[in-house]
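Chemist: The following block contains the structure, expressed as structure tokens.
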Amino acid sequence: MTKLVRVIDTKRCMGCRSCLAACYVENHLTPESPWNVMMENEGGSYPNVNRTFTTMNCMHCEHPACKAACDAIDVKAISKNELGVVLIDYDKCIGCQYCNAACPYGVPQYNNEIATLYEDGKKTPYEQQAYKKRHPTHRKKAKTVEKCTFCWHKLEKAVEKGETHLIGQVPEYTPSCDLVCPVQARVFGDIDDPESEVSKWVGKKKATQIKKEFGTRPQVYYVLEGGDY
Amino acid sequence: MKKQIKIMGLGLIIGLSVPLIAWCEDDALDLADTAEAIRDGKIDVGKDYSMHKNKGRYHLIHSETLGMECEACHVSKKYAADYLLVSKAEEENRAAGHGKRPKADVVDRGVCLGCHKTNGVAHTFFQTADK
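Those protein sequences? They're chains A and B, same order as listed. One rule links them: number in my numbering = place in the first sequence (from 1) + 115. One rule links them: number in my numbering = place in the second sequence (from 1) + 15.
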């Protein structure tokens, strides 16, 4: 079995936001609904103060609350595929935002309108790309909900070529956010492979899932300052 | 004398707590029955699948049908008992720029966990049983 996970080391992250920029370029950012956000936390008291940076993207949970909410009202726009990636079908989504209300991490983002990044209303070269030429996960629609796909358009190619064992090891089969980190604060790969970098990080660095009390079993792990909890 | 007071006090506590426990159990049963009736379609909560506070099913189910107070979910603020009722009238005045209220705070998902967990009275969104 292949179970894809991401591990983010908050002790290494310096908050440069390269991962955010990479995601925005790779996945045709719509300003109102970013797929990857940075959270900053200040802690301690003077003079012993600290600041931690945490990037938040979809957790691709084993028991996704968003999917449960979507299925409960028979919309069934959210699916979880064989590699554990949770995806939203924009054609099925009715924009009710129940998924957003149920997600413990506040991941699904409602896209009210397809706005451009330029203030004068002109489209960026990326935005000019025809919808038909885009991957289905990039054919965004107004009044629907969207979120991180683990760069499924890249992983899909590995599945097509039967090279899933290379996911997380070669750039073309690795999510863009994980490729660009200048301080190697994040890795991506198969946690069922004991030799993979993610397995080693989860074991040696005591990486943990956040908000475990919800029992959604996220597939994104964090190395936290205080260790596991 | 002291013994008599103790016995009377004990009796009073038991006398008050029995109906309270019974009331709580009844309340939980009512909630479960109502939730089941909504799922079965026996109670009509409309077809507007949205977060709209007056028309959307989300608020209709929780606040009107189940009778939950605003604070039950929006825990960090206080709301008047007639908040939703008044806000329906306010909508008509929106065009004139009157009656606007600050946006409600985001609901802490930990609140939802109470009912929406495995074996909870509501639909299961959060799987806590196999932790």
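Using N, Cα and C, we set each Cβ at its ideal position, and we do this for glycine too. If you're wondering where the values come from, they're calculated on a predicted model, not measured in any experiment.
The ligand ATP heavy atoms versus the CB of A/Lys126: any closer than 7 Å?
Modeler: In terms of ligand content, the structure shown is empty, and the ligand ATP therefore cannot be addressed.
Chemist: Tell me whether A/Val338 sits in a helix, a strand or coil according to DSSP, three-state version.
Modeler: Looking at A/Val338 - three-state DSSP - the assignment turns out to be strand.
Chemist: Can you pull the chain B neighbours of A/Arg309, defined as C-beta to C-beta under 7 Å?
Modeler: Per the sequence shown, residue 309 of chain A should be read as Pro rather than Arg. Per Cβ cutoff of 7 Å: no residues; A/Pro309 is ~23 Å from chain B at best.
Chemist: On the criterion of 16 or more Cβ atoms from any shown chain inside 10 Å, does A/Gly199 qualify as buried, or is it exposed?
Modeler: Buried: at least 16 other Cβ atoms inside 10 Å.
Chemist: Spatial neighbours of B/Ala95 within its chain, please: CB distance less than 8 Å, with the 5 preceding and 5 following residues excluded, ordered by chain position.
Modeler: So the list reads Val101, once near-sequence residues are dropped.
Chemist: Rounded to whole angstroms, what's the CA-CA distance from B/Val60 to A/Gln299? Just pull it up for me.
Modeler: Rounded to whole angstroms, B/Val60 to A/Gln299 spans 50 Å at the Cα level.
Chemist: Suppose only complete runs of 3+ residues qualify. What are the beta strand (DSSP E) ranges in the stretch 183 to 258 of chain A, listed by chain order?
Modeler: Those beta strand (DSSP E) runs which fall completely within the stretch 183 to 258 of chain A and span 3+ residues are 193 to 195, 201 to 203 and 224 to 226.
Chemist: Give the straight-line distance between the Cα atoms of A/Glu271 and A/Glu261, rounded to the nearest whole angstrom.
Modeler: So the alpha carbons of these two residues sit roughly 18 Å apart.
Chemist: In chain B, which residues lie less than 7 Å from A/Ile188 when you measure between Cβ atoms?
Modeler: Within chain B, the residues near A/Ile188 are Tyr64.
Chemist: Beta-carbon within less than 6 Å of A/Gly283's beta-carbon, same chain only, minus the 5 sequence neighbours each way: which residues are those?
Modeler: Same-chain partners within the cutoff: Thr289, Phe303 and Gly304.
Chemist: For the alpha helix (DSSP H) containing A/Asp124, name the first residue and the last one.
Modeler: From DSSP, A/Asp124 is part of no alpha helix (DSSP H) but of the beta strand (DSSP E) over Leu119 to Asp124.
Chemist: Check distances from the C-beta atoms of the stretch 211 to 225 of chain A to those of chain E and list, in chain order, the residues that come in under 8 Å.
Modeler: Among the protein chains of the structure shown, namely A and B, there is no chain E.
Chemist: Check whether the stretch 136 to 155 of chain A touches the stretch 220 to 227 of chain A, counting contact only when three or more Cβ pairs, one atom from each stretch, lie closer than 8 Å.
Modeler: Touching, yes.
Chemist: Note down, in chain order, each residue of its chain lying with its Cβ closer than 6 Å to the Cβ of B/Glu40, except the 5 sequence neighbours on either side.
Modeler: Note on B/Glu40: pLDDT 49, under 50, position unreliable in the model; the coordinate value appears next. If we look at B/Glu40 and ignore the five residues flanking it on each side, it has no Cβ neighbours.
Chemist: Return yes when the Cβ of A/Val335 is within less than 8 Å of the Cβ of A/Lys126, no when it is not.
Modeler: Result no, Cβ atoms of A/Lys126 and A/Val335 do not sit closer than 8 Å.
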